[in-house]
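Asker:
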Ligand code: ADP
Ligand code: ZN
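Residue numbers (the working numbering): 1 to 838.
(1) Leaving out five residues before and five after residue 328 in sequence, what residues of the same chain have Cβ atoms less than 6 Å from its Cβ?
(2) Compare the beta carbon distance of residue 514 and residue 495 with 8 Å and say whether it is the shorter of the two.
(3) Have a look at residue 351 and residue 345 and give me their C-alpha separation to the nearest angstrom.
(4) Secondary structure at residue 272, three-state DSSP: helix, strand or coil?
(5) Just to confirm, is the Cβ distance from residue 445 to residue 411 under 8 Å?
(6) Mapping the DSSP letters down to three states, classify residue 831 as helix, strand or coil.
(7) Is it true that the CB of residue 572 sits closer than 8 Å to the CB of residue 557?
(8) Starting from residue 603 and walking both ways along the beta strand (DSSP E), at which residues does that stretch end?
(9) When you measure from the CB of residue 514 to every non-hydrogen atom of the ligand ADP, does any distance come out below 7 Å?
(10) Would you kindly work out how many angstroms separate the C-alpha atoms of residue 723 and residue 246, rounded to a whole number?
(11) Quick check: is any heavy atom of the ligand ZN less than 7 Å from the C-beta of residue 793?
(12) Quick one: what does DSSP say residue 651 is sitting in, helix, strand or coil?
(13) At 3 residues or longer, and completely inside the stretch 36–60: list those beta strand (DSSP E) runs for me, N to C.
(14) Could you give the distance in angstroms between the alpha-carbon of residue 829 and the alpha-carbon of residue 37?
(15) Using a threshold of 8 Å, state whether the C-beta atoms of residue 457 and residue 302 are closer than that.
(16) Taking 7 Å as the cut-off, is the C-beta of residue 367 nearer than that to any heavy atom in the ligand ADP?
(17) Nearest to residue 680 by CA position, among 295, 533, 22, 80, is which residue?
(18) Examine chain D for any beta-carbon lying closer than 8 Å to the beta-carbon of residue 248, and answer yes or no.
(19) Does the beta-carbon distance from residue 354 to residue 266 come in below 8 Å?
(20) Nearest by alpha-carbon distance to residue 70: which of 42, 174, 776, 607 is it?
(21) Using only the heavy atoms of the ligand ADP, determine whether one of them is closer than 7 Å to the beta carbon of residue 480.
(22) What did DSSP end up calling residue 766 once you bin it into helix, strand or coil?
(23) Within 10 angstroms of its Cβ, does residue 262 collect 16 or more other Cβ (buried), or is it exposed?
(24) Could you tell me the distance, in whole angstroms, from the CA atom of residue 292 to the CA atom of residue 425?
(25) Would you grab the beta carbon distance between residue 530 and residue 640 for me? Rounded to a whole angstrom, and I think it's under 8 Å.
(26) For residue 280, which beta-bridge partners are listed by DSSP?
(27) Cα-Cα, which of 155, 799, 177, 85 is closest to residue 126?
(28) What does the alpha-carbon distance come out to for the pair residue 274 and residue 369?
(29) For the beta strand (DSSP E) containing residue 129, name the first residue and the last one.
(30) What runs of the alpha helix (DSSP H), each 4 residues or longer, lie entirely inside the stretch 67–118?
(31) Can you determine whether any heavy atom of the ligand ADP sits closer than 7 Å to the C-beta of residue 336, and answer yes or no?
(32) State the beta-bridge partners of residue 796 as determined by DSSP.
(33) Give, in chain order, every unbroken run of the beta strand (DSSP E) that is at least 3 residues long and sits entirely within the stretch 328–396.
(34) From what residue to what residue does the alpha helix (DSSP H) around residue 562 run?
(35) Nearer than 7 Å: is that true of the beta carbon of residue 554 relative to any heavy atom of the ligand ZN?
(36) Roughly how many angstroms separate the alpha carbons of residue 811 and residue 733, rounded to a whole number?
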């Protein structure tokens, strides 16, 4: 018998050993799912490899090793080379290894899983126990089960709808009369295929080089029998334009039909059916059914792009682990560098992984990559349905997709031979997952490159402090691009002190200077962006009489006023209140909205410029990607004069028509109780500033603030990254914050405050006793800045690690005893390298 090491999905930190399945034991492969017995139930696990013989011998002396029950999939779900990564992740983030693998895999795999009932030997003998049941004793399904010994499929799903029935079945299972097995669905590969049209081989060149439809037709008529009818000509013209738009890629018949009704009939005529070929192809579409726009390859590289690629290409060709930090100002053309480095990797028969912070950003980068790599591109992001996600996953597994672009979880994409890994906007906090497995996609990308033996490129206009520190210390190779591709100057930035600025409209958030600049920009028919850090109308509600602030009943945070929807919303848990409430503090006063939000700025801009076309872009107005892309399209087409938005407009967007950017209030993030507040403010302001003047016309930026002298704001206004870096680094060193230490946040949460606090004290004492002096500091426990969230009280203990290895040892022991230190109802979460300190 062969034995295997299985990572079981359960709160266990180590793997378990099981024997081969009774049926088809030679089907088993690393990366497959396995259904295994765990205690009295069945659980899902993943095959990590053969078991260690010493471990098998040790176990065999103590107990009988149980067997794998079933292998639900046809083949592996991840390549064997990822096992090492999973082990590392489980150790580093102190998270159960089975849960690590489950988090890494796409959700669609388990969609549709159901249950199977199987009688045990005892159940077969004691039929009368079942039949004596007053409710189900005579039910047809039970008779069926007793006759056949198993029951599965739709009849079981129906039983599962009744809680009472489920409870009964569980009770019988407890008495060992039957077993309830989890059945995992076997999903079919549902590749999205469509009818497409493309020119016959002998005409392909003609279609891509002809000047226009007339030239095309006259050439075609030389080799094909004419004459051509008007309808045929029009249809061919439409086809040609779609074909060109898609970068000479096949055209979907559905798209052609949309712009030419009744195309099918005309296509069937002899002339066109000789010119165009019909086929079924996989067609790439965004989740909303649109084809991404085609973006042509630039004719020449800019000198800095050339220099950077001269260093990247050989590294990719060499195929060894190497770390690069691409520090390129906004508009310096980093995307083209990624694309050409990726081409080098593909030429080596390797694949490429590209991480982007979130869907919002993916769109433009996605279009670039799709234009260049077409059918070999796979996209993984949260906008996909589980089925689409699984589909992409399988295309990657099969080696059909060799360029993968996705949000942070794509770092686990099942690539067999990565030849290059790219992390765009590497400083973005969205790379950190904030619950469950709290990993950082950027850090794992570096790790994955190390395991795969390939270069990794982290790119940003404002690198994270830690990455830049590594570049200064030569752990990363620094590649810099200091100028914009088109030679445009960086925009002129002016800081407006709100405390001193002239304001003729004291009721509004706009200084006179900002109003005048907007007026002038409107008159010149240019576009403007207004950046606000928060969504909603007013960020807090205050009682005029007693000063009470309305807080969420379930979270210790203030409620935000959304005036269009006419409600107060908690941005943390979604709890809502009507806007016409009497002050809950004094039960008398009327409450009013204070503070800034995007909805309010949109409203004020409307009052100031009633004739301007104003739109707002935040998660309230663009709930889905379709609306988001539509709004971006409107801005690009010049249909919008002033765009008000939150961070969603700050990142990675390229609007050539925008010449004025107004930051309405720059300081809103600075007061956060978080050591990264300055870094985040600096990088956000730099990103927003970078939106201006990316086209022909020069850009101007106005930053309104109450803290004009704050270094994060002052350096951002001067486009001085290194200046900011030096000052911030000195501050970090003084307080021993990263990169001079590593942080681990231990979060305790529970429904009852007393118990939570007690658990926090015990955990802190455990850490103080276990940690050698000099290995690190244990701070706390203290109530978390948001002390109540979704009805759970929160405490935290911060570990500042100087010698990380010893802190890891401590955490290993802590998670083992964690459940003993915490009374029932209190949860302990370990957050290594926390991003969010609230
Ligand atoms: P970044 O990501 O560095 O801010 P982008 O990659 O978005 O900059 O590039 C800015 C713009 O310059 C894009 O519209 C891109 O298509 C264009 N661009 C990039 N490289 C070139 C080039 N070599 N020639 C012409 N245009 C280019
Ligand atoms: Zn709440």
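From the three backbone atoms N, C-alpha and C, an ideal C-beta is built for every residue, glycine too.
Answerer: Checking against the coordinates, here is how it stands:
(1) For the purposes of this step, residue 328 is taken as residue 328 along the chain shown, with counting starting at 1. Around residue 328: 334, 481.
(2) Numbered from 1 along the chain shown, position 514 holds the residue referred to as residue 514. Numbered from 1 along the chain shown, position 495 holds the residue referred to as residue 495. For residue 514 and residue 495, no; Cβs fall outside 8 Å.
(3) As a working mapping, residue 351 is identified with position 351 in the chain shown. As a working mapping, residue 345 is identified with position 345 in the chain shown. One C-alpha to the other measures close to 6 Å.
(4) Indexing the chain shown from 1 puts residue 272 at position 272. Here residue 272 sits in helix by DSSP.
(5) Residue numbering aside, residue 445 sits at position 445 when the chain shown is read from its first letter. Residue numbering aside, residue 411 sits at position 411 when the chain shown is read from its first letter. For residue 445 and residue 411, yes; Cβs fall inside 8 Å.
(6) Numbered from 1 along the chain shown, position 831 holds the residue referred to as residue 831. Strand.
(7) The residue labelled residue 557 in the question sits at position 557 within the chain shown. The residue labelled residue 572 in the question sits at position 572 within the chain shown. Going by C-beta atoms, residue 557 is nearer than 8 Å to residue 572.
(8) Start at 1 with the first residue of the chain shown, and residue 603 comes out as number 603. No beta strand (DSSP E) holds residue 603; the alpha helix (DSSP H) holding it covers 598–608.
(9) The residue given as residue 514 occupies position 514 in the chain shown. For the ligand ADP, not one heavy atom lies less than 7 Å from the Cβ of residue 514.
(10) For the purposes of this step, residue 723 is taken as the residue at position 723 of the chain shown. For the purposes of this step, residue 246 is taken as the residue at position 246 of the chain shown. Each residue's Cα considered, the two are about 44 Å apart.
(11) Counting from one through the chain shown, the residue named residue 793 turns up at place 793. Because no heavy atom of the ligand ZN lies under 7 Å away, the Cβ of residue 793 does not count as near it: no.
(12) Numbered from its first residue, the chain shown carries residue 651 at position 651. If DSSP states are grouped into helix, strand and coil, residue 651 belongs with coil.
(13) 41–50
(14) Within the chain shown, numbered from 1, the residue matching residue 829 stands at position 829. Within the chain shown, numbered from 1, the residue matching residue 37 stands at position 37. Cα to Cα, residue 829 sits roughly 27 Å from residue 37.
(15) Here residue 457 is taken as the residue at index 457 of the chain shown, counted from 1. Here residue 302 is taken as the residue at index 302 of the chain shown, counted from 1. No, the pair does not count as a contact, with Cβ atoms beyond the cut-off.
(16) On the chain shown, residue 367 is found 367 positions in, with the first residue counted as 1. No; taking the cut-off as 7 Å, the Cβ of residue 367 has no heavy atom of the ligand ADP nearer than that.
(17) Position 680 of the chain shown, counting from 1, holds the residue named residue 680. Ranked by Cα distance from residue 680, the first of 295, 533, 22, 80 is 533.
(18) Absent from the structure is chain D; it holds one protein chain and no more.
(19) To locate residue 354, count along the chain shown from 1; it is residue 354. To locate residue 266, count along the chain shown from 1; it is residue 266. For residue 354 and residue 266, no; Cβs fall outside 8 Å.
(20) Start at 1 with the first residue of the chain shown, and residue 70 comes out as number 70. Among 42, 174, 776, 607, the Cα nearest to that of residue 70 belongs to 42.
(21) The count along the chain shown starts at 1 and reaches residue 480 at position 480. Not under cutoff, so the answer is no.
(22) If you number the chain shown from 1, residue 766 lands on position 766. The DSSP-derived three-state label of residue 766 is helix.
(23) Looking up residue 262 in the chain shown gives position 262. So residue 262 counts as exposed.
(24) For this step, residue 292 is matched to residue 292 along the chain shown. For this step, residue 425 is matched to residue 425 along the chain shown. Spanning the two alpha carbons is a distance of roughly 21 Å.
(25) Indexing the chain shown from 1 puts residue 530 at position 530. Indexing the chain shown from 1 puts residue 640 at position 640. Actually they are not in contact, since the Cβ atoms of residue 530 and residue 640 sit about 12 Å apart, beyond 8 Å.
(26) Taking the first residue of the chain shown as position 1, residue 280 is located at position 280. Residue 280 is bridged to 195.
(27) Numbered from 1 along the chain shown, position 126 holds the residue referred to as residue 126. Checked all of 155, 799, 177, 85; the closest Cα to residue 126 is 177.
(28) Locating residue 274 in the chain shown gives position 274, counting from the first residue. Locating residue 369 in the chain shown gives position 369, counting from the first residue. Whole-angstrom Cα-Cα distance: 32 Å.
(29) If you number the chain shown from 1, residue 129 lands on position 129. It is not in any beta strand (DSSP E) - residue 129 instead sits in the alpha helix (DSSP H) that spans 127–131.
(30) 83–93, 97–104
(31) Sequence index remark: in the chain shown, residue 336 carries index 336 (1-based). Yes, the beta carbon of residue 336 sits closer than 7 Å to at least one heavy atom of the ligand ADP.
(32) Here residue 796 is taken as the residue at index 796 of the chain shown, counted from 1. DSSP output for residue 796 lists 747, 782 as bridge partner(s).
(33) 351–355, 377–380
(34) Here residue 562 refers to the residue found at position 562 of the chain shown. That residue, residue 562, is in no alpha helix (DSSP H); its beta strand (DSSP E) goes 560–562.
(35) Here the question's residue 554 lines up with position 554 in the chain shown. Yes.
(36) Indexing the chain shown from 1 puts residue 811 at position 811. Indexing the chain shown from 1 puts residue 733 at position 733. Straight across, the Cα-Cα distance linking residue 811 with residue 733 is about 25 Å.
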